[in-house]
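S.K.: These protein sequences, in sequence, are chains G and W. Residue 31 in this note's numbering is what sits at position 45 of the first sequence, and the numbering runs on without skipping anything. Residue 207 in this note's numbering is what sits at position 221 of the second sequence, and the numbering runs on without skipping anything. By construction, the Cβ of each residue, glycine as well, lies at the ideal position given by its N, Cα and C atoms. Remember, it's a predicted structure, so these values are computed and weren't measured experimentally.
Protein chains: 2
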Amino acid sequence: MQPSADPSKPAIVLLSGGLDSATVLAIARDRGYSCHALAFDYGQRHRHELEACKRVASTLGAASHRVFSLDATAFAGSALTDNIAVPKDRNETEMTEIPATYVPARNLVFLSVALAYAESLSATDIFIGVNAIDYSGYPDCRPAFIESFTHTANLATKLGVDGNAIRIHTPLMEMTKAQIITIGTELGVDYALTHSCYDPSAEGLACGRCDSCVLRRNGFEQAGIPDPTRYA
Amino acid sequence: MQPSADPSKPAIVLLSGGLDSATVLAIARDRGYSCHALAFDYGQRHRHELEACKRVASTLGAASHRVFSLDATAFAGSALTDNIAVPKDRNETEMTEIPATYVPARNLVFLSVALAYAESLSATDIFIGVNAIDYSGYPDCRPAFIESFTHTANLATKLGVDGNAIRIHTPLMEMTKAQIITIGTELGVDYALTHSCYDPSAEGLACGRCDSCVLRRNGFEQAGIPDPTRYA
Chain G
-13 MQPSADPSKP AIVLLSGGLD SATVLAIARD RGYSCHALAF DYGQRHRHEL EACKRVASTL
47 GAASHRVFSL DATAFAGSAL TDNIAVPKDR NETEMTEIPA TYVPARNLVF LSVALAYAES
107 LSATDIFIGV NAIDYSGYPD CRPAFIESFT HTANLATKLG VDGNAIRIHT PLMEMTKAQI
167 ITIGTELGVD YALTHSCYDP SAEGLACGRC DSCVLRRNGF EQAGIPDPTR YA
Chain W
-13 MQPSADPSKP AIVLLSGGLD SATVLAIARD RGYSCHALAF DYGQRHRHEL EACKRVASTL
47 GAASHRVFSL DATAFAGSAL TDNIAVPKDR NETEMTEIPA TYVPARNLVF LSVALAYAES
107 LSATDIFIGV NAIDYSGYPD CRPAFIESFT HTANLATKLG VDGNAIRIHT PLMEMTKAQI
167 ITIGTELGVD YALTHSCYDP SAEGLACGRC DSCVLRRNGF EQAGIPDPTR YA
């Protein structure tokens, strides 16, 4: 049972359609925030994640849900945006190198636009589902990046300059995938509505072999919770 | 006479169509960079500045010129994007307060997207025309913001993580408007092609009374250079 959202506590929650950001939305709602979900259309090769965002936002009680478009040219050169092979069958110990699915400066751009949107709504709180444990090697998921961004955000904005008010919440930072799934399940997240796979079939079935699928599948197994993902 | 651009020195140059960013492009070209000009369509109330960007990029020898679109919803609440009055007839000493023309987190968003674009072109250098002297009170024009952004940018990206390679160039930071105009004139900038006014007529004539017009007009006067601006 979700608590009612407090309109005087607005927050922006970045949604990707995946397991992590859905859990973050449930956590932010559980803390009483009125959650404005924000997803990005940045030329992803497949659209399943944007559909998942819509399902997640509506079932988890977001106050609003928007999809902002970003110019795909800015993010060229990634396996998630271009016709470059998605790495498969890497085990978790191999996931410390930056993989081909890295998208240039993606979290920085997402957080920056979220900050502009937050300020236009007079909100000072932004939630993002980055994770330093099962992070697949991306530089922009580390605590040092989030700390530095927070400092920059407070220097960049009117709300920040007026008293260091901007806060970036990363509730999943120190959790394993199994812990994330356990907490999300307790908060009522239906993971069947989420989409994690980097290389799904045309029908949206998960490949089961990309980094994202491997981490997700192992997480359900370790949590002892049935995996509702539909694999190809 | 401009030096030829070195393709092995690619840089992104943020263009606004105004006097400052045109001068920055001329400076970057003078330093031998192959300049990829980048402008943003973020729902500005008038389009004259995007037309000015095109004129400036082509006459100053940019290697490429792109306009990226950003969702206007993210930048709501500013006199530059919404139907809010542009402040007029402020003198320069009054311009230390953040004015109604402040656009939420604009330079942070512009620099972040420029960084993504830079990385997709394997470029590590970004030029922006921010200025701490005639800065009209915007928080995201100060040296502390640029320093913090540079640190964040190097943590956020593959190129940055590989050796702190990202550099944000702010050649105008410590210049007065008169100095900017003097240097730009020496480098061949035709300021008649630029557009600075926040509140132009439908035909694109400058109002002569907004902060931007006041700073520009005073700059030409102090530089002792004829002001080619067409005022309403």
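1. What are the residues of the region 120 to 153 of chain W that lie near chain G, defined by any Cβ-Cβ distance shorter than 8 Å?
2. Taking G:I152 and G:N140 to be in contact with their CB atoms under 8 Å, please state how far apart those CB atoms are, rounded to whole angstroms.
3. State the CB to CB distance for the pair W:Y88 and G:K(-5), rounded to an integer number of angstroms; the pair is presumed to be in contact (CB under 8 Å).
4. If G:P186 and G:A178 are in contact, beta carbons under 8 Å, what's the gap, nearest whole angstrom?
5. Excluding five sequence neighbours on each side, which residues of the same chain lie with their C-beta closer than 6 Å to the C-beta of G:H32?
6. So the candidates are G:L173, G:Q208, G:G123, G:T156; which of them puts its Cα closest to the Cα of G:D197?
7. Can you say whether G:G3 is buried or exposed, counting buried as having 16 or more other CB atoms within 10 angstroms of its CB?
8. Determine which residues of the region 50 to 62 of chain W have a Cβ less than 9 Å from any Cβ of chain G, and write them out in chain order.
9. What distance in whole Å lies between the Cβ atoms of W:A8 and W:G170, which are believed to be in contact at a cut-off of 8 Å?
10. Using only the alpha-carbon positions, how far apart do W:D57 and G:V53 sit?
11. Against W:I114, what residues of chain G qualify as contacts under a CB-to-CB distance less than 7 Å, listed in chain order?
12. For W:I112, does the three-state DSSP call read helix, strand or coil?
13. Can you confirm whether G:C117, when its beta carbon is compared against all beta carbons of chain W, has any partner nearer than 8 Å?
14. Step through the CB atoms of chain W and report whether any lies within less than 8 Å of the CB of G:L94.
15. Which whole-angstrom value describes the C-beta separation of G:V116 and G:A12, a residue pair presumed to lie in contact below a C-beta threshold of 8 Å?
16. Select from W:A91, W:V72, W:H34 the residue whose C-alpha is nearest the C-alpha of G:V147.
17. Helix, strand or coil, according to DSSP, for G:A23 in the structure here?
18. Report the start-end ranges of each beta strand (DSSP E) in the region 124 to 209 of chain G that is 3 residues or longer and not cut off at the edges.
19. Do we get a CB-CB distance below 8 Å when we pair G:V99 with the residues of chain W?
20. Report yes or no: is there a C-beta of chain W within less than 8 Å of the C-beta of G:Y88?
21. W:E105: buried (16+ other C-beta within 10 angstroms of its C-beta) or exposed?
22. Buried or exposed: G:E172, going by 16 or more other Cβ atoms within 10 Å of its Cβ?
23. Per DSSP, which one or two residues make a beta bridge with W:S50?
24. Any idea which residues DSSP pairs G:I84 with across the strands?
25. Which term fits W:E35, buried or exposed, when burial requires 16 or more other beta carbons within 10 angstroms of its beta carbon?
26. Let me know the secondary structure DSSP gives G:V72 once reduced to three states.
27. Between the alpha carbons of W:P129 and W:L97, how many angstroms are there, rounded?
28. In its own chain, which residues sit with a C-beta less than 6 Å from the C-beta of W:A23, not counting the 5 before and 5 after it?
29. Please state whether the Cβ-Cβ distance between G:C127 and G:N77 is less than 8 Å.
30. Check whether the Cβ atoms of W:K74 and W:R203 sit closer than 8 Å, and answer yes or no.
31. If I measure Cβ to Cβ from G:T136 and keep anything under 6 Å in the same chain, skipping five residues before and after, which residues do I get?
32. Between W:A188, W:I112, W:G190, W:I84, which has its C-alpha nearest W:T156's C-alpha?
M.R.: In terms of the structure at hand:
1. P125, D126, R128, A130, F131, S134, F135, H137, T138, A139, L141, A142, T143, K144, G146, V147
2. Taking the first residue of the first sequence as position 1, residue 152 of chain G is located at position 166. Taking the first residue of the first sequence as position 1, residue 140 of chain G is located at position 154. Between G:N140 and G:I152 the Cβ distance is about 5 Å, and since that is below 8 Å, they are a contact.
3. One-based indexing of the second sequence puts residue 88 of chain W at position 102. One-based indexing of the first sequence puts residue -5 of chain G at position 9. With a Cβ gap of about 24 Å, W:Y88 and G:K(-5) do not count as contacting.
4. Translated into positions along the first sequence, residue 186 of chain G becomes position 200. Translated into positions along the first sequence, residue 178 of chain G becomes position 192. Going by Cβ atoms, the distance from G:P186 to G:A178 rounds to 14 Å, so no, they are not a contact pair.
5. Translated into the one-based positions of the first sequence, residue 32 of chain G becomes position 46. Here the set comprises P186.
6. Indexing the first sequence from 1 puts residue 197 of chain G at position 211. Measuring from the Cα of G:D197, the nearest candidate turns out to be G:G123.
7. Here residue 3 of chain G corresponds to residue number 17 of the first sequence, with the count starting at 1. It is buried - the Cβ of G:G3 has at least 16 other Cβ atoms within 10 Å.
8. R52, V53, F54, S55, L56, D57, T59, A60, F61, A62
9. As a first step, residue 170 of chain W must be located in the second sequence, where it is residue number 184. As a first step, residue 8 of chain W must be located in the second sequence, where it is residue number 22. So it is a contact: roughly 7 Å between Cβ atoms.
10. Start at 1 with the first residue of the second sequence, and residue 57 of chain W comes out as number 71. Start at 1 with the first residue of the first sequence, and residue 53 of chain G comes out as number 67. Their backbone Cα atoms lie some 9 Å apart in a straight line.
11. Counting from one through the second sequence, the residue named residue 114 of chain W turns up at place 128. Residues of chain G passing the Cβ test: none, with the nearest at roughly 13 Å.
12. Counting from 1 along the second sequence, the entry for residue 112 of chain W is found at position 126. Correct three-state label for W:I112: strand.
13. If you number the first sequence from 1, residue 117 of chain G lands on position 131. For the sequence presented, residue 117 of chain G should be read as Asn rather than Cys. Output row for G:N117: interface = no.
14. Counted from its first residue, the first sequence places residue 94 of chain G at position 108. Taking Cβ atoms only, chain W reaches closer than 8 Å to G:L94, which makes this a yes.
15. Taking the first sequence and counting its residues from 1, one reaches residue 116 of chain G at position 130. Taking the first sequence and counting its residues from 1, one reaches residue 12 of chain G at position 26. Going by Cβ atoms, the distance from G:V116 to G:A12 rounds to 16 Å, so no, they are not a contact pair.
16. Counting from one through the first sequence, the residue named residue 147 of chain G turns up at place 161. Checking every option, the nearest Cα to that of G:V147 belongs to W:A91.
17. Sequence index remark: in the first sequence, residue 23 of chain G carries index 37 (1-based). Strand.
18. 153 to 155
19. By 1-based counting over the first sequence, the position of residue 99 of chain G is 113. Output row for G:V99: interface = yes.
20. As a position in the first sequence, residue 88 of chain G is number 102, starting the count at 1. It does: the Cβ of G:Y88 has a partner Cβ on chain W nearer than 8 Å.
21. If you number the second sequence from 1, residue 105 of chain W lands on position 119. By the 10 Å Cβ count, W:E105 comes out buried.
22. Within the first sequence, residue 172 of chain G is the residue found at index 186, counting from 1. Under this definition G:E172 is an exposed residue.
23. As a working note, residue 50 of chain W is residue 64 in the second sequence. Note: W:S50 sits in a beta bridge opposite W:H22.
24. For the purposes of this step, residue 84 of chain G is taken as the residue at position 98 of the first sequence. The partner list for G:I84 (beta bridge, DSSP) is empty, contrary to what the question assumes.
25. On the second sequence, position 49 is the one that residue 35 of chain W refers to. With 16 or more Cβ atoms within 10 Å of its Cβ, W:E35 is classed as buried.
26. Sequence index remark: in the first sequence, residue 72 of chain G carries index 86 (1-based). If DSSP states are grouped into helix, strand and coil, G:V72 belongs with coil.
27. Numbered from 1 along the second sequence, position 143 holds the residue referred to as residue 129 of chain W. Numbered from 1 along the second sequence, position 111 holds the residue referred to as residue 97 of chain W. Roughly 14 Å separates the two Cα atoms.
28. For the purposes of this step, residue 23 of chain W is taken as residue 37 along the second sequence, with counting starting at 1. So the qualifying residues of the chain are V(-1), L1, A43, A48, H51.
29. To locate residue 127 of chain G, count along the first sequence from 1; it is residue 141. To locate residue 77 of chain G, count along the first sequence from 1; it is residue 91. Result no, Cβ atoms of G:C127 and G:N77 do not sit closer than 8 Å.
30. Here residue 74 of chain W corresponds to residue number 88 of the second sequence, with the count starting at 1. Here residue 203 of chain W corresponds to residue number 217 of the second sequence, with the count starting at 1. No, they are not a contact pair.
31. Counted from its first residue, the first sequence places residue 136 of chain G at position 150. Closer than 6 Å at the Cβ level, and outside the excluded window around G:T136, lie I154.
32. Residue numbering aside, residue 156 of chain W sits at position 170 when the second sequence is read from its first letter. Cα-wise, what sits closest to W:T156 is W:I112.
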